[in-house]
């Protein structure tokens, strides 16, 4: 784990935090989250309280509250309820969905394509100093702040 400020915004491959896992996943799929967030901040800086009126492209896309604002503006907001053994609820949690945790929106993960026997999906996130895929919805379920399905048409391609 290394949270630092990097000129140009991107940390080295071996360093990162939870938000780095998100932009790297999207980058690998052909999308440029940094450019998308920067453009949206320029269009609606007032919707980004973490920016505090002074955008900084070197760090803004690496802050969970800013990703919360961006996804709130560009994605579909979904249930934050997790119900084991409920097929209808399980269907609402799809691979690639973004989940934000904490009252202050301080952690983010991606819904995996793997599930527990009870239907609850695993979450891919940066926990304990490195990327993990685990039952974060189980042990952080009471801290889910938001659940989004991305509209990839609203994210720049690279």
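Residue numbers (our numbering): 916 to 1073.
Ideal Cβ placement from N, Cα and C applies to all residues, glycine included.
In the structure shown, residue 954 adopts helical secondary structure according to DSSP, grouped into three states.
DSSP places residue 1055 in the coil class of the three-state scheme, outside both helix and strand.
The continuous beta strand (DSSP E) containing residue 1037 extends over residues 1036-1042. Going by DSSP, residue 1027 is part of the beta strand (DSSP E) stretching over 1022-1030.
Rounded to the nearest whole angstrom, the CA to CA distance from residue 1010 to residue 963 is 27 Å. The shortest CA-to-CA distance from residue 1038 to any of 937, 920, 993 is the one to 937. Contact between the stretch 1044-1052 and the stretch 975-983 is absent: fewer than 3 CB-CB pairs across the two stretches fall below 8 Å.
The Cβ neighbour count for residue 1012, taken over all protein chains shown within 10 Å, is at least 16; the residue is labelled buried.
Counting every other CB atom within 10 Å of its CB across the protein chains shown gives residue 931 a total of 16 or more, marking it as buried. Per DSSP, reduced to three states, the secondary structure at residue 1046 is strand.
Residue 965 sits in coil when the DSSP states are folded into three classes, being neither helix nor strand. Of the residues assessed, residue 1008 falls on the buried side of the cut-off, its CB having 16 or more other CB atoms within 10 angstroms. In the same chain as residue 945, and ignoring 5 residues on each side of it, the C-beta atoms closer than 7 Å to its own belong to 1072, 1073, in chain order.
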